[in-house]
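Heads up: the sequence shown begins at 1 in the UniProt record's numbering, then just goes up one per residue. We put the beta carbon where it would ideally sit given N, CA and C, even for glycine. Bear in mind the structure is a predicted one, so any value in this text is a computation, not a measurement.
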Amino acid sequence: MIKNLKYVTAFNRKDTRKIILWEILHSLFIAAPSAILLVIIWELFSPQPDVHKIWTVVGLMAVMLVVQFFIASQSMVRSNLWVYDLSTKLRIALGNRIQKFSLGFFKQRDPGEIASIVLQDVSNFEGIFGHSVGNLASAIFGTTVLSIFLFIYDWRLALCLLAALPLIYPFLYLANYFVSKLGKKQITARNTVGAKFLEYVQGIRHLKSYGLTGEKHKGLENSFEDLRKKSIRMEAIPGPFVVTAGIVFEIGFILMVALGLYYLSNNTITIPVLITFLIMGYNLYNPLKVVMVDYLVLRYMNESLNRIVAIMETPTMETGKEVVPNRYDVVFDNVSFGYQNKLTVQNLSFTVPEKSMLALVGHSGSGKSTIASLIARFWDVNTGVIKIGGMDIRNIHQDQYYTLISEVFQDVYLFDDTVYNNIKIGKPDATLEEIIDAADKAQILDFVWEFPKGMDTMVGEGGNKLSGGQKQRISIARALLKNAPIILLDEATASLDPENEIYIQHAIQELVKAKTVIVIAHKLATIKNADQIIVLNNGGIAEKGTHEALVEQDGIYRKMWEIQQKSNGWKVNKDS
């Protein structure tokens, strides 16, 4: 836990020290009124009490209370500002880290789990850490100072009070063990709920169409019930051990009182000393009781910190240097890649000359999308090299590299924002004229002015308020605005109606002018004019050439072409 706390507080180490100092100062002023009260008691037990001195001390106590209020408010405000600043920096650091991971990281984890780490785990840290650190600092410092103070008065009674400390250790150990063990299960159950709920919401359309909403909702209910049970167990099982530890403190105080009365009857201590221990001795335990609860909460929080640290220590893809190639040909040199111990492409070597078009065709699973993902650097190759302009793409800084690539895929994701802002993603500093020009070239203005708010129309999450063709045109407008020299196309017209297909084809023609283009082709008729076509099979190159050359061969491409030509006129027959 200490390692995790140091790791996280390193984001703001200077302010962390300041907060701890403020909390220590706060603890001093909390104890001050009790110390002043003791001065009054001692004065009252003197042979001739000095009333003027007593009123002076009372006045001092009033001043101390005002100062204590100021210190407490400053400590609270500063600690809250500190923890919110720290959590903000932590979330930003997590976001910056996550964006540098390969897609393999996201394939191995549920999206709900990643969201839970950034939101819930950091929130746990934020809510708990802002209070617990101060309590721990003030408890350690306050208990130490007060123990020294009591030892000066009477070491025997002080030792009796402190004897309770080692006795609570077994109970804290057991509570800590169960919090750690049950906390992991509770966090796992919480993540399962998040994943199940996300799955249910995202698949609601399909569940409704098959009449399975009730059945799947039952599974979601079961995950909620499992979370409820695990949350109760995490609270209920360690709780009795903490309560028992508190009882040990009470017994220690009672024994100290009994011992003090015994010493008083034997005239080995005075009444003021006993009163001192009655007042201050009980206060010795109060911060420790708070810390016991905070410690267990911190142990639970440590599971969240473990997950945060695991993300921060996960290796990222290489960032490379801030250099940009001066030409834009793409070269695969003996490239192999796979995940989950299975190669999806192997020993691939080909060249896409600058400002030419390469079409990738092949059956499902042949490696087409993998090649596009490798060029986009969603993954890094296992072996071999991919070069752009003669430079290994791993040696180009990611921020520079992504300015070279624009992608238009079948599955378009739009953010829950306006049409205007979704296009602007392609070039955040674009002018209004540039955005309108990109929208016009992407055939967007034909439909967007029909909306009451025009370009300021909200598209909904994922673009759910728009049709597939409209979303596709917005994605092309993004790419047009970005004006990257290399274009990756995953047959953008494959699932569109004929009218939208015509619009998209016009938009794509604008997009690919004077660009290096790699297109994943499903409809072979759309890539007849490609400079070269690569036919993939089982992750390797089966055939390569122009459309005319490949049709003349008796190979995979020719068979695919003939099948598509026959299927152009297919129709559904209904038997009478």
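Residue 588 and S406 look like a contact to me (Cβ under 8 Å); what is the Cβ gap, rounded to whole Å?
-> Examination of residue 588 is not possible in this model, given that the chain is present from 1 through 576 alone.
Please report the Cβ distance between I41 and P272, rounded to the nearest whole angstrom; I am assuming they are in contact, meaning their Cβ atoms lie under 8 Å.
-> Contact flag correct, Cβ pair sits at about 6 Å.
Which whole-angstrom value describes the C-beta separation of T192 and L288, a residue pair presumed to lie in contact below a C-beta threshold of 8 Å?
-> So it is not a contact: roughly 37 Å between Cβ atoms.
Pick out the complete alpha helix (DSSP H) segments inside the segment 47 to 131, 4 residues or longer, and give them in chain order.
-> Scanning the segment 47 to 131 for uninterrupted alpha helix (DSSP H) segments of 4 residues or longer gives 51 to 98, 103 to 107 and 111 to 116, listed from N- to C-terminal end.
Is there contact between the segment 161 to 172 and the segment 300 to 315, where contact requires at least three CB pairs shorter than 8 Å?
-> As far as the Cβ criterion goes, the segment 161 to 172 does not touch the segment 300 to 315, which means the pair count is below three.
Residues near N326 in its chain [Cβ-Cβ closer than 7 Å; skip 5 each side] | Answer for N326: G389, listed in chain order.
Residue range of the beta strand (DSSP E) that includes T344 | K342 to V352 is the extent of the beta strand (DSSP E) around T344.
Which first and last residues belong to the alpha helix (DSSP H) in which K368 is found?
-> DSSP places K368 in the uninterrupted alpha helix (DSSP H) bounded by K368 to I375.
Check the DSSP bridge columns for M391 and list the partner residues they point to.
-> BP columns for M391 point to I388.
D531: first and last residue of the uninterrupted beta strand (DSSP E) it sits in | Under the DSSP assignment, D531 falls outside any beta strand (DSSP E); it carries neither an H nor an E label.
Alpha-carbon to alpha-carbon, T88 and K321 | Spanning the two alpha carbons is a distance of roughly 28 Å.
Per DSSP, which residues does A359 bridge with? Please list them.
-> According to DSSP, A359 bridges with V519 and I533.
In terms of alpha-carbon separation, which member of T418, P485, M292 and N347 lies closest to F241?
-> Considering only alpha carbons, the answer is M292.
Is the number of C-beta pairs between the segment 374 to 390 and the segment 451 to 462 that are closer than 8 Å three or more?
-> When Cβ pairs closer than 8 Å are counted between the two stretches, the segment 374 to 390 is seen not to touch the segment 451 to 462, the count staying below three.
Have a look at K181 and V297 and give me their C-alpha separation to the nearest angstrom.
-> The straight-line gap from Cα to Cα measures roughly 13 Å.
Within the same chain, show all residues whose beta-carbon is closer than 8 Å to that of S102, passing over the 5 residues directly before and after it, in chain order.
-> So the list reads M317, F378, W379 and D380, once near-sequence residues are dropped.
Is it buried or exposed for W22, if we count other Cβ within 10 angstroms and need 16 for buried?
-> The Cβ neighbour count for W22, taken over all protein chains shown within 10 Å, is at least 16; the residue is labelled buried.
From this set, S46, L220 and K185, which residue's C-alpha is nearest V201's C-alpha?
-> Out of S46, L220 and K185, L220 has the C-alpha closest to the C-alpha of V201.
Just tell me which of N266, I251, F249 and R190 has its CA closest to the CA of I232.
-> Looking at N266, I251, F249 and R190, the one whose alpha-carbon comes closest to that of I232 is R190.
When DSSP labels each residue in this structure, what does residue 579 get in the three-state scheme?
-> Residue 579 is absent from the model: the chain starts at 1 and stops at 576.
DSSP state of D416 mapped onto helix, strand, coil | D416: coil per DSSP, three-state reduction.
Residues bridged to L489 [DSSP beta-bridge criterion] | BP columns for L489 point to V408 and V519.
To the nearest angstrom, report how far apart S79 and L86 are at their CA atoms.
-> Roughly 10 Å between the two C-alpha positions.
For the beta strand (DSSP E) that contains G203, what are its first and last residues?
-> For G203, there is no enclosing beta strand (DSSP E), since its DSSP letter is neither H nor E.
The segment 395 to 405 touching the segment 337 to 349, judged by at least three CB pairs closer than 8 Å | Too few Cβ pairs lie closer than 8 Å, so no.
C-beta contact flag for F106 and I114 at 9 Å | Going by C-beta atoms, F106 is nearer than 9 Å to I114.
E543 - containing beta strand (DSSP E), residue span = It spans G540 to G545 - the beta strand (DSSP E) in which E543 sits, taken as one unbroken run.
What is the DSSP secondary structure of S336, counted as helix, strand or coil?
-> Three-state result, S336: strand.
If you run the structure through DSSP and keep just helix, strand and coil, what is K513?
-> K513 falls in the coil class under three-state DSSP.
Span separating the alpha-carbon of D294 from that of T270 = The alpha-carbon atoms of D294 and T270 are separated by roughly 37 Å.
Starting from Q564 and walking both ways along the alpha helix (DSSP H), at which residues does that stretch end?
-> Where Q564 is concerned, the enclosing alpha helix (DSSP H) stretches over I556 to S567.
Backbone secondary structure at M455 - three-state DSSP = Taken through DSSP and simplified to helix, strand or coil, M455 comes out as helix.
With DSSP collapsed to three states, give me the class of T383.
-> DSSP places T383 in strand when its eight states are reduced to three.
Collapsed DSSP secondary structure at K427 in the structure displayed = The answer is coil: DSSP assigns K427 none of H, G, I, E or B.
Might you give, ordered along the chain, the residues of its own chain that have their beta carbon closer than 6 Å to the beta carbon of G463, omitting 5 neighbours on each side?
-> Closer than 6 Å at Cβ, skipping near neighbours: L414 and K471.
Determine the closest residue to S336 out of F69, R109, G540 and L511, with distance taken between C-alpha atoms.
-> Minimum Cα distance to S336 is reached at G540.
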